[in-house]
Structures are given as C-alpha cells and as structure tokens.
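**Q** Number 38 in the numbering used here belongs to position 31 of the sequence shown; there are no gaps in the numbering. C-beta: ideal position from N, C-alpha, C; glycine also.
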Amino acid sequence: MSKGIIQLCYRKIIDANSTKLWDKYVFDDTHQEFFMQAQLYHQEGKLKTYHEILEKNPQAEKLQFLVSTAAVGYIQQLNGIVPEITNAFGKLCLSFENFRFEIIQSHISDKQQHKIAIYFYSKPLLWIDTIANQLLVSHSTDLQEEHETDLIALQPLLNISSFKATPILN
C-alpha cells in the first residue's frame with residue numbers, strides 16, 4: 008500500500024559563501040551574465056541591484072530567464088541527478104526532470120550580493136511511507152510490481168511539490 012505519487016522539489020541556494028566548485032562556477036557565470044544582461048534594462052546606469060531595476064522596469068523580470076542561460080550547461084553536467092539529496096546510504100538518488108532558476112538578489116558591481124536559487128523538480132516517485140524523518144519512496148510508480156526503494160531524509164529546502172493519491176489495492 009502506498010500514500011501516493013509525489014514530486015519533490017529541492018531549492019539549492021548559491022551565493023558568495025558557497026564552497027563547492029560547481030556552485031562557484033554557477034555563481035561566477037550567473038553574476039557575469041546578470042552584469043551584462045542588466046544593462047538592457049537600465050541604460051543610464053544609475054540602478055545597481057536586481058530589485059531596483061525590476062522596480063523601475065517590470066520588463067526586467069526577463070532577467071530570470073536571461074541569466075539562467077549561464078547556468079544551463081552546469082545543470083546539464085549533473086546528468087539529471089539532484090545535487091546534495093542522498094539516500095540512507097549517502098548515495099545521490101533523486102532524478103530531476105525540470106528546473107527553475109531564480110535571482111534572489113544581485114548587484115551589478117558588488118558580486119558579494121549576488122544570490123540565486125535553482126529549484127530541481129524530481130521525476131514522479133511512489134511515496135510508500137514516512138519512517139521517522141525519512142520518506143520511503145520508489146522510483147517506479149507501477150503499483151503492480153515489487154519496488155526497489157530509497158529512504159530520503161526530510162531536510163530544509165526539500166519539499167513535496169505535488170501529490171496524487173493512489174487507489175487502494177487489496
């Protein structure tokens with residue numbers, strides 16, 4: 008018996024304090040892209056932060072997409088595996104289908120203020136149970152089969168983003 012089909016979402020935050028090499032590359036390249044693309048939305052150069060630019064020019068919302076292009080190659084390097092989310096054995100185990108990029112804050116000339124988030128949306132999972140602070144899931148959503156499972160710890164920035172109840176089988 009299972010609880011349903013779920014999709015998990017992990018919000019990975021990257022800023023000047025990030026220590027992993029992959030994070031640093033994404034940080035550097037997305038800030039550089041922000042610096043270049045932001046010029047389209049404030050020709051006079053008086054506005055410095057993402058939120059100032061957005062406040063004066065609502066079209067600057069497009070910066071989310073434009074800056075995300077600098078991260079796409081790095082995201083492809085992950086080969087569809089969500090970083091940092093491991094099973095009970097410490098193995099990366101969560102596949103993702105989609106991602107969303109967010110500029111949390113940024114500054115044209117002060118790179119230390121640059122902060123982004125990447126939301127990774129998992130493939131559908133069969134949610135079998137919750138054991139203590141861990142989700143017992145299967146990567147197969149076929150209710151008629153035996154399943155290999157993973158225990159994934161509930162943790163900050165990991166969320167169940169969608170749920171679909173499964174029929175009760177006798």
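Within the same chain, show all residues whose beta-carbon is closer than 7 Å to that of Asn177, passing over the 5 residues directly before and after it, in chain order.
**A** Because Asn177 sits at a pLDDT of 46, beneath the cut-off of 50, its placement in the model cannot be relied upon, and the point is left open.
**Q** To the nearest angstrom, report how far apart Glu153 and Ser145 are at their CA atoms.
**A** 10 Å
**Q** Do the CB positions of Lys10 and Glu91 come within less than 8 Å of each other?
**A** Judged by beta-carbon spacing, Glu91 lies beyond the 8 Å limit of Lys10, meaning their Cβ atoms are not closer than that value.
**Q** Give me the Cα-Cα distance between Ser129 and Gln50, rounded to the nearest whole angstrom.
**A** Per the coordinates, the alpha-carbon of Ser129 lies some 39 Å from the alpha-carbon of Gln50.
**Q** Which full runs of the beta strand (DSSP E) of 3+ residues lie inside the segment 83 to 160, going along the chain?
**A** 103 to 112, 122 to 129, 132 to 138, 141 to 145, 156 to 160
**Q** With DSSP as the reference, please indicate the residues paired to Ile13 in a beta bridge.
**A** Leu132, Phe170
**Q** State yes or no: is the C-beta of Ile13 within less than 8 Å of the C-beta of Ser113?
**A** no
**Q** Leaving out the 5 sequence neighbours to the left and right, which residues in its chain are closer than 6 Å to Leu132 when beta-carbon positions are compared?
**A** Ile13, Val144
**Q** Look up Leu54 in the DSSP assignment and say whether it is helix, strand or coil.
**A** coil
**Q** Is it right to say Val79 is buried, meaning 16 or more other beta carbons lie within 10 angstroms of its own, or is it exposed?
**A** exposed
**Q** Rounded to the nearest angstrom, what separates Val33 and Tyr126 at their Cα positions?
**A** 14 Å
**Q** Out of curiosity, what's the CA-to-CA distance linking His38 and Ile115?
**A** Taking the straight line from one Cα to the other gives about 8 Å.
**Q** Alpha carbon to alpha carbon, how far is Thr173 from Ile82? Give it in angstroms, no decimals.
**A** Rounded to whole angstroms, Ile82 to Thr173 spans 32 Å at the Cα level.
**Q** Between which residues of its own chain and Thr156 is the CB-CB distance below 6 Å, once the five residues before and five after are set aside?
**A** Only Leu143, Ser145 meet the Cβ criterion.
**Q** Have a look at the DSSP bridge pairing and note the partners of Ile21.
**A** Ile123
**Q** Tell whether a beta-carbon distance below 8 Å holds between Ile110 and Phe42.
**A** no
**Q** Does the beta-carbon distance from Ile138 to Asn94 come in below 8 Å?
**A** no
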